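Right, one structure below, let's go through it.
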Amino acid sequence: YIVPEQEKPDSNFSTVKYPNPEDRAVFELAIQMAKEKDVELIIGTDPDCDRVGVVVRDKKGEYVTLTGNETGCLLLEYILSNLKAQDKLPEKAFVIKTIVTTELAKKIADEYNVKMLDVLTGFKFIGEQILIRDEQGDEKFIFGFEESYGYLAGTDVRDKDAVVASMLIAEMFAWYKSKGLTLYDALISIYEKYGYALDFQDFFTLKGKEGVEQIQNAMVFLREKKPANMGDTKIEVIRDYETGIQTHIKTGVEEPLDLPKSNVIYYETQEGFWVCIRPSGTEPKIKIYYGVSGNSSENAHKSLEKLRDDVLSEIKPLLE
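Residue numbers for the sequence shown follow my numbering, so the first one is 1 and each next one is one higher.
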């Protein structure tokens, strides 16, 4: 089915406030139609068709919007498990994600003995690694994704591609359907196998030139302070991508990072959670990414709430 109101080109995108597949509101017409037609899967791309959002029906009949991390992990598990089952998984296979994308993807890759590469935020860095390794000729790219709804399989494009991703999502849906499972069932199965991962973002927008300076001052403060804790959360490792140095807080040992310089600070906590702070390079905005995991959804949500409270207790005063 195609949503009639959104079937024909409309440069004003008049059926939505903002045509972004990360926003559940853009799927309102599709969800309404899905209820009428008894549909289990909704796929929607952004206008230039490089990012794709997914809505699935759960066991209660409710329509659940998947995050970019959830869709990416579903695709990664589906692709790797099927390649392995068919004995087609290359010996030197690798997958790629950005540093602010869920660590659940690393657990999935490890399960299949596939190398996971982390790159800076931006799909161009994923494409760059594909090109480098393709030219070297001894490694095989399988899949790459970022939390902001960009996915890629294959090396023909080397950029996020909602056409390929949509086809893979539909194929994956049909495969699980043939096993009597929904994509929601498959997602829960992943959490039960690897642990309940939960990721979240906060962002703050300040005003004008003063706001840009305030954010830069906050980054300088965090960079120089190298906090051993944020609130009650103990920090174990700090990766400063501006200086290119990783610091182990307990020992003070420093190691070089092998990614390009970028104004980003990444923290690993004692619990194995992570926080990444990244300001915009052009606007007075700053983003804070969080990643936690737990043995249940409830446990993960409690951990996220505590981590956010602790981090924001340190960051908010720097932005006031």
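Note that beta-carbon positions come from the ideal geometry of N, C-alpha and C, so glycine has one too. No experiment lies behind these values; they were computed from the predicted model shown.
Does the Cβ of residue i lie closer than 7 Å to at least one heavy atom of the ligand ATP?
{"i": "Gln216", "result": "The model on display carries no ligand, and the ligand ATP is accordingly not part of it."}
For residue i, count neighbouring Cβ atoms within 10 angstroms of its own Cβ and tell me buried if that reaches 16, exposed if not.
{"i": "Trp274", "result": "buried"}
{"i": "Arg24", "result": "exposed"}
{"i": "Val220", "result": "exposed"}
{"i": "Pro284", "result": "buried"}
{"i": "Lys17", "result": "exposed"}
In angstroms, rounded to a whole number, what distance separates the CA positions of residue i and residue j?
{"i": "Met33", "j": "Glu7", "result": "13 Å"}
{"i": "Phe204", "j": "Ile315", "result": "10 Å"}
{"i": "Phe173", "j": "His301", "result": "27 Å"}
{"i": "Asn82", "j": "Val237", "result": "35 Å"}
{"i": "Val163", "j": "Asn229", "result": "44 Å"}
{"i": "Asp185", "j": "Lys177", "result": "10 Å"}
{"i": "Lys306", "j": "Glu139", "result": "41 Å"}
{"i": "Glu254", "j": "His248", "result": "6 Å"}
Starting from the C-beta of residue i, find all residues in its chain whose C-beta is less than 6 Å away, skip the five residues before and the five after it, and write them out in chain order.
{"i": "Glu130", "result": "The displayed chain sequence assigns Ile, not Glu, to residue 130. The answer, listed in chain order, is Phe141, Thr155 and Arg158."}
{"i": "Ile286", "result": "Phe204, Ile215 and Pro279"}
{"i": "Pro47", "result": "Pro19"}
{"i": "Tyr63", "result": "Ile31, Val55 and Arg57"}
Would residue i and residue j qualify as a contact pair, given that the criterion is a beta-carbon distance under 8 Å?
{"i": "Ala105", "j": "Leu76", "result": "yes"}
{"i": "Pro260", "j": "Leu117", "result": "no"}
{"i": "Tyr196", "j": "Asn299", "result": "yes"}
{"i": "Arg331", "j": "Tyr266", "result": "The displayed coordinates of the chain run from 1 to 320. Any statement about residue 331 would go beyond what the structure contains."}
{"i": "Leu304", "j": "Phe200", "result": "yes"}
{"i": "Phe125", "j": "Val95", "result": "no"}
{"i": "Tyr241", "j": "Val264", "result": "yes"}
Leaving out five residues before and five after residue i in sequence, what residues of the same chain have Cβ atoms less than 8 Å from its Cβ?
{"i": "Ile190", "result": "Cys73, Leu74, Glu77, Leu104 and Ile108"}
{"i": "Val114", "result": "Leu80, Leu89, Ala93, Phe94, Val95 and Ile142"}
{"i": "Arg308", "result": "Phe200, Asp202 and Tyr290"}
Using C-beta distances below 7 Å, list every residue in its chain close to residue i, excluding the 5 sequence neighbours before and after it, in chain order.
{"i": "Ser297", "result": "Tyr196"}
{"i": "Glu128", "result": "none"}
What first and last residue would you give for the alpha helix (DSSP H) that runs through residue i?
{"i": "Tyr149", "result": "No alpha helix (DSSP H) contains Tyr149, which DSSP labels as neither H nor E."}
{"i": "Gly53", "result": "Per DSSP, Gly53 belongs to no alpha helix (DSSP H); it is in the beta strand (DSSP E), Val52 to Arg57."}
{"i": "Ser293", "result": "First-last for Ser293: Lys285 to Gly294, but that is the beta strand (DSSP E), not the alpha helix (DSSP H)."}
I'd like the span of the beta strand (DSSP E) that includes residue i, first residue to last.
{"i": "Phe203", "result": "Tyr196 to Thr205"}
{"i": "Leu29", "result": "Where Leu29 is concerned, there is no enclosing beta strand (DSSP E), although the alpha helix (DSSP H) it sits in stretches over Glu28 to Lys37."}
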